[in-house]
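J.: Residue numbers for the sequence shown, in numbering that gives the first Met the number 0: 0 to 273.
Every residue gets a Cβ at the ideal spot worked out from N, C-alpha and C, and that includes glycine.
Shown below is the structure under consideration.
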Amino acid sequence: MNNHQYYLMIQQFTLFSDFFMHAVFSHSRKAVQLLARIVTGKKDLIVVEWGLEVKKGFPFFRNDRYDLFLIDQYGNVYNIEIENTLRALGKRAFHNMCLLGSQGLKPGEEHKALRENWVVFLTKKDFLKQNEPFYSYEWFNRKWKRILHTKAHIRFVNGEYRGDDAIGKLMHDFHCTNPDDMFYDELREAVSYFKKEPEGVNAMCEIMKEFERKSKNEGRREGRAEGRAEGRAQEREAIMRNLREEGMSYEKIARITNQSLSKVKSFFKAQQSA
């Protein structure tokens, strides 16, 4: 693909697009702080440290990579995940919380020094289909109706919510392809950099080129084992699936991959019935 094709793809990205979300929140502390304040309800939260694709875990056990990991001014830790599916979210949230809590104390520290741990899944679809802005879970005794004060918070934010409040506006902005339509200045500025500023657009193009190179290398390795023609087909299909996951139409996928519209539609129809 050439730079013009990459540019067309970039203009279709939203903050639910993995490539784009990682670039935006890696680039802008102000955008990360805005996000963390709104999804937790902590208006005075200050981001001291943050990172994208942060790996957490222990040797000989499953490790996970957090979309966004941050620490506030009090040492509280937060894992924020941007999710396009609802697959196994409850189990994943529990596992992420266990990893956070297990690393919350340094050797010799008393348990009373344990900070707050937050796991927030920002889901593109409504997790419980109740049209609430978010759904929170605490350690709770059902009989006595009391919360166990473990300082552990799990929250699922509803990406479909559009109320006239902070979360409703945030979810609106997460679905915007045009930064000029966004409510929040922090997000508008960060997104505009990668969609409108030459330096940001070029950086985003390089990220996508690197992904495409990796896809091609994987296709070549498979192709050597099963034949070059099959390898090229698998490579093209992987790119098509990724483009579709980013919300791109069949017409644009056909144009970018140099295929007929009928072939693209047939491919995705077969995927759905498989």
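1. Using a 10 Å radius around the Cβ and a threshold of 16 neighbouring Cβ atoms, would you call Arg154 buried or exposed?
2. Take Asn62 and list the residues in its own chain whose beta-carbon comes closer than 7 Å to its own, dropping the five residues that flank it on each side.
3. What residue range does the alpha helix (DSSP H) around Ile45 cover?
4. At the level of alpha carbons, what is the spacing between Gln258 and Cys175?
5. DSSP puts Tyr77 in a beta bridge; with which residues?
6. Which term fits Leu147, buried or exposed, when burial requires 16 or more other beta carbons within 10 angstroms of its beta carbon?
7. Going along the chain, which unbroken runs of the alpha helix (DSSP H) with 4 or more residues stay wholly within the segment 150 to 199?
8. Name the DSSP beta bridge partners of Thr84, please?
9. Would the segment 104 to 115 and the segment 196 to 216 be scored as touching if the rule is three or more Cβ pairs under 8 Å?
10. Return the bridge partner residues of Lys23 from the DSSP annotation.
11. For Thr84, count neighbouring C-beta atoms within 10 Å of its own C-beta (all shown protein chains included) and say buried if the count is 16 or more, exposed if not.
12. Quick check on the burial criterion: 16 or more other C-beta atoms within 10 angstroms. Buried or exposed for Ile45?
13. Report all residues from its chain with a CB closer than 7 Å to the CB of Gln10; omit the five preceding and five following residues, and keep chain order.
14. Applying the 10 Å Cβ sphere with the 16-neighbour rule, what's the burial state of Gly89?
15. Taking the continuous alpha helix (DSSP H) assigned at Met8, which residues delimit it?
16. With Gly100 and Ala151 assumed to form a contact (beta carbons below 8 Å), what rounded beta-carbon distance in angstroms separates them?
17. Does DSSP put Ser101 in a helix, a strand or coil?
18. Quick one: what's Thr122 bridged to in DSSP?
19. If you run the structure through DSSP and keep just helix, strand and coil, what is Arg145?
20. Are there 16 or more other CB atoms within 10 angstroms of the CB of Glu225, so buried, or fewer, so exposed?
21. Please report the residue range of the alpha helix (DSSP H) in which Arg28 lies.
22. Are Ile79 and Ala35 touching if we call contact CB-CB under 9 Å?
23. If you draw a straight line from the C-alpha of Phe12 to the C-alpha of Glu52, how long is it?
T.: Taking the geometry as given:
1. Under this definition Arg154 is a buried residue.
2. Closer than 7 Å at Cβ, skipping near neighbours: Lys54, Lys55 and Gly56.
3. Counting along the chain, Ile45 falls outside any alpha helix (DSSP H), and DSSP gives it neither H nor E.
4. Put simply, the backbone Cα of Gln258 is about 28 Å away from that of Cys175.
5. Tyr77 is bridged by DSSP to Leu69 and Trp117.
6. Flag for Leu147 reads exposed.
7. Correct list: 165 to 173 and 184 to 194.
8. Thr84 is not bridged to any residue.
9. Because the criterion of three Cβ pairs below 8 Å is not met, the segment 104 to 115 and the segment 196 to 216 do not touch.
10. Per the sequence shown, the amino acid found at residue 23 is Val instead of Lys. BP columns for Val23 are empty, so no partner.
11. Exposed is the call here.
12. That one is exposed.
13. Here the set comprises Thr176 and Lys194.
14. By the C-beta density criterion, Gly89 is exposed, having fewer than 16 other C-beta atoms within 10 angstroms.
15. Going by DSSP, Met8 is part of the alpha helix (DSSP H) stretching over Asn2 to Gln11.
16. About 6 Å separates the CB atoms of Gly100 and Ala151; that is less than 8 Å, so the two are in contact.
17. It is helical.
18. According to DSSP, Thr122 bridges with Glu82 and Asn157.
19. Three-state result, Arg145: strand.
20. Confidence at Glu225 is low in this model, with a pLDDT of 46, below 50, so its placement is unreliable and no value can be given for it.
21. Here the alpha helix (DSSP H) through Arg28 covers Arg28 to Thr39.
22. Between Ile79 and Ala35, the C-beta spacing is below 9 Å.
23. Between the alpha carbons of Phe12 and Glu52 lies a gap of roughly 19 Å.
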